[in-house]
DNA sequence: ATTGGCATTGCAAACGTTACCAGAAAATCC
DNA sequence: GGATTTTCTGGTAACGTTTGCAATGCCAAT
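Protein chains in written order, with this note's numbering: chain X, 5 to 360; chain R, 5 to 360.
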């Protein structure tokens with residue numbers, strides 16, 4: 005494992021000169037440049053990035069990515085886009101899956117210790133201590149960027165880190181409005197909701213708030229029986245949630261699902277119970293992952309620009325690292341992808357017929 | 005941003021002593037230990053891992069993970085399991101998405117430069133140059149582990165790196181046999197195959213070879229019209245592939261899909277054409293991702309132990325790093341998850357009736 | 001011939017840490 | 001009480017780079 009010293013000796017020059025050749029600096033004669041290049045080739049020399057980082061101060065060319073759950077294709081797509089941009093700029097991504105909760109703090113400490121160049125947060129919940137670590141990072145000049153849904157009622161993070169860190173957001177409330185308005189335009193008024201959020205902070209969640217607000221704006225009052233919360237974010241969660249909804253209330257004609265995985269589970273439950281979608285029941289969802297194109301029927305879903313989100317997050321960090329001042333907030337547009345899971349409200353409610 | 009020197013000065017001790025406290029070494033009096041601990045707290049000191057790595061030689065506590073496509077939940081689940089084990093042992097994962105091909109080489113160089121402690125490969129194709137880099141890594145004592153499907157006809161990688169590197173594999177050929185045997189047991193004999201592999205090296209692929217061999221062993225001869233290759237690995241690929249198959253041959257009663265995404269696309273095509281699964285046509289698939297439980301109908305699929313695979317890969321690397329000698333090959337069992345996408349062969353073939 | 005400027009090179013100090021070695025102080029033994 | 005061990009502490013050399021500064025040699029201009 006050869007070092008710069010070996011290269012220098014092999015080429016018969018000093019270490020400094022060899023270093024200059026490697027970094028393509030000026031003031032090296034063509035002749036010695038050749039000699040050194042030769043030595044590098046012969047010795048299979050690769051510079052030691054660890055040593056480089058040490059002497060250059062912070063410049064490890066590493067970005068930390070905290071993501072809630074990579075096995076969820078929603079996060080995976082953001083991650084992939086983020087990584088692609090980092091790669092293009094010769095940066096490396098440290099992947100941190102935070103799902104289990106207590107991991108975030110340890111990861112942030114690790115970022116500090118590793119002298120990381122930038123931090124991106126996607127969907128990882130943050131507590132008091134975590135925020136303190138982020139502040140330390142920011143204070144040291146390490147840029148931080150986070151994915152966010154617009155419309156959080158109270159967002160301690162944004163309040164505290166606000167303008168120091170970058171935000172890439174999309175307007176979830178608006179997305180929900182589109183979905184609900186569409187259902188209403190097809191005649192639905194008894195609309196259920198399947199949420200993964202905890203019951204007691206349900207209305208903090210922008211998707212839930214968007215759901216509620218859009219209903220109210222359409223003059224539809226909220227019926228607690230139509231709202232299912234605390235679901236696990238998985239197809240199984242959606243399956244169980246839909247079952248619960250059908251048990252609590254057989255007269256709803258449409259369902260708003262928190263995201264595509266939930267919707268897929270809900271579809272499976274409908275099939276199980278012989279409920280035809282969209283003839284008997286309509287479903288709208290959020291995320292518009294590729295899966296939603298291939299369900300039966302394909303899902304009408306609010307499209308969230310995941311790839312763009314990942315890309316902007318990486319680009320924000322890289323711009324900040326370069327000393328530029330990118331916009332502190334990117335708002336990305338959402339829209340409703342119309343497919344076959346929504347139909348007109350059935351003339352007579354078919355669900356009730358299934359009641360024993 | 006405080007250093008060890010700051011801590012030492014603040015505590016009124018030497019750098020060496022401060023270092024000893026941090027690393028929990030013996031021969032430090034309780035009194036000074038307290039003083040240093042105090043200083044660490046007051047200064048928010050975090051050790052610089054870059055400097056530590058430099059002085060300790062290779063010990064960066066970083067693992068490199070080359071993965072073909074994280075947005076595919078198959079890979080994502082392996083990745084997640086790998087990362088979880090790494091986290092438990094205080095190792096960090098550098099995520100590298102190689103899909104686009106030429107990225108692998110650059111990533112391997114980066115691994116060398118970053119003095120990484122171990123490398124894991126999942127599904128990334130390797131060329132001549134890439135193998136050379138892997139050899140350099142192995143020669144430097146950096147362990148390498150790869151996910152593999154048993155049954156590659158010729159595997160240059162295994163031949164070259166063979167016993168130096170670790171392998172975590174499962175018996176795909178056996179999995180295919182299970183799937184085909186099951187179809188045959190339900191009376192099917194005209195069985196189509198949807199493959200993502202290129203036509204001219206189709207039989208190098210273990211899944212294709214398993215398919216073929218199992219058919220032959222059941223005394224069924226291969227019909228080229230029933231074999232679709234060169235599909236894109238996506239639901240769209242499966243959708244198009246199924247369309248092509250139905251066009252080429254209307255008398256097949258069952259289909260073997262390369263993996264779940266392909267199967268999901270195929271299901272969508274069937275729905276499009278009014279073909280009922282499993283009444284008119286049966287489908288078996290491989291991977292058994294969570295999605296396969298929630299399709300309509302749920303897919304019968306060969307279960308591949310993804311989580312275990314990711315975990316064993318990480319554990320192999322960590323064991324090697326610790327100087328132990330773990331088994332050089334882990335063979336994981338596969339089995340067939342029976343669900344509703346397979347039925348008995350229809351008494352009269354319904355597909356033919358659709359021909360104009 | 002002397003000077004000034006410029007291209008080219010090497011020396012040595014840093015970056016933040018660990019680890020070896022040598023003292024000093026304290027504790028133990030005969 | 002002296003010799004020997006044990007516990008504690010500080011100095012210093014590494015690790016592999018980059019970089020500012022000084023030194024060299026060469027050429028043209030005075």
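Where a beta carbon is used, it is the ideal one built from N, C-alpha and C, also for glycine. The structure presented is a predicted model; accordingly, all values stated were derived computationally and were not measured.
At a Cβ threshold of 8 Å, is residue i touching chain R?
i	result
residue 168 of chain X	no
residue 363 of chain X	Limits of chain X in this structure are 5 at one end and 360 at the other, which puts residue 363 of chain X out of reach.
residue 46 of chain X	no
residue 7 of chain X	no
residue 54 of chain X	yes
residue 96 of chain X	yes
residue 309 of chain X	no
residue 317 of chain X	no
residue 124 of chain X	no
residue 284 of chain X	no
residue 295 of chain X	yes
residue 113 of chain X	yes
residue 239 of chain X	yes
residue 151 of chain X	no
Taking only the alpha-carbon atoms, compute the straight-line gap between residue i and residue j and give it to the nearest angstrom.
i	j	result
residue 233 of chain X	residue 215 of chain X	13 Å
residue 178 of chain R	residue 291 of chain R	13 Å
residue 55 of chain X	residue 49 of chain X	14 Å
residue 1 of chain X	residue 182 of chain X	Since the first residue of chain X shown is 5 and the last is 360, residue 1 of chain X is not available in this structure.
residue 212 of chain X	residue 206 of chain X	6 Å
residue 218 of chain R	residue 262 of chain R	15 Å
residue 176 of chain R	residue 208 of chain X	47 Å
residue 339 of chain R	residue 186 of chain R	12 Å
residue 144 of chain X	residue 224 of chain X	50 Å
residue 297 of chain R	residue 306 of chain R	12 Å
residue 63 of chain X	residue 57 of chain X	5 Å
residue 184 of chain R	residue 260 of chain R	8 Å
residue 42 of chain X	residue 31 of chain X	18 Å
residue 332 of chain X	residue 94 of chain X	23 Å
residue 9 of chain X	residue 61 of chain X	21 Å
Start and end of the beta strand (DSSP E) containing residue i?
i	result
residue 341 of chain X	339-341
residue 153 of chain X	148-153
residue 335 of chain R	333-336
residue 123 of chain R	122-126
residue 198 of chain X	195-198
Mind checking which residues open and close the alpha helix (DSSP H) that includes residue i?
i	result
residue 320 of chain R	310-325
residue 188 of chain X	176-189
residue 109 of chain X	107-117
residue 78 of chain R	77-92
residue 36 of chain R	34-47
residue 5 of chain X	No alpha helix (DSSP H) contains residue 5 of chain X, which DSSP labels as neither H nor E.
residue 209 of chain R	Premise fails: residue 209 of chain R is in no alpha helix (DSSP H) and is neither H nor E.
residue 21 of chain X	19-26
residue 297 of chain X	Taken as a continuous stretch (DSSP letters only), residue 297 of chain X belongs to no alpha helix (DSSP H), as it is neither H nor E.
CB-CB under 7 Å to residue i, same chain, minus the five flanking residues each way: which ones, in chain order?
i	result
residue 360 of chain R	Because residue 360 of chain R carries a pLDDT of 41, less than 50, the predicted location of this residue cannot be relied on, and no value is offered for it.
residue 311 of chain X	81, 85
Would you verify that the beta carbon of residue i is, or is not, closer than 8 Å to some beta carbon of chain X?
i	result
residue 80 of chain R	yes
residue 290 of chain R	no
residue 49 of chain R	no
residue 2 of chain R	Any answer about residue 2 of chain R is impossible in this case: the structure gives chain R only from 5 up to 360.
residue 23 of chain R	no
residue 43 of chain R	no
residue 87 of chain R	yes
For residue i, collect the residues of the same chain with a Cβ closer than 6 Å to its Cβ; drop the 5 residues on either side in sequence, then sort them by chain order.
i	result
residue 245 of chain R	198, 232, 235
residue 330 of chain R	320, 323
residue 358 of chain R	Model confidence at residue 358 of chain R stands at a pLDDT of 47, short of 50, so the residue's coordinates are unreliable; what they give is reported in the following sentence. No residues qualify anywhere along the chain.
residue 106 of chain X	none
residue 77 of chain R	293
Starting from residue i, follow its DSSP beta bridges and name the residues at the other end.
i	result
residue 291 of chain X	X:307
residue 286 of chain R	R:258
residue 100 of chain X	X:70
residue 170 of chain R	R:149
residue 232 of chain X	X:198
In its own chain, which residues sit with a C-beta less than 8 Å from the C-beta of residue i, not counting the 5 before and 5 after it?
i	result
residue 99 of chain X	69, 71, 74, 83
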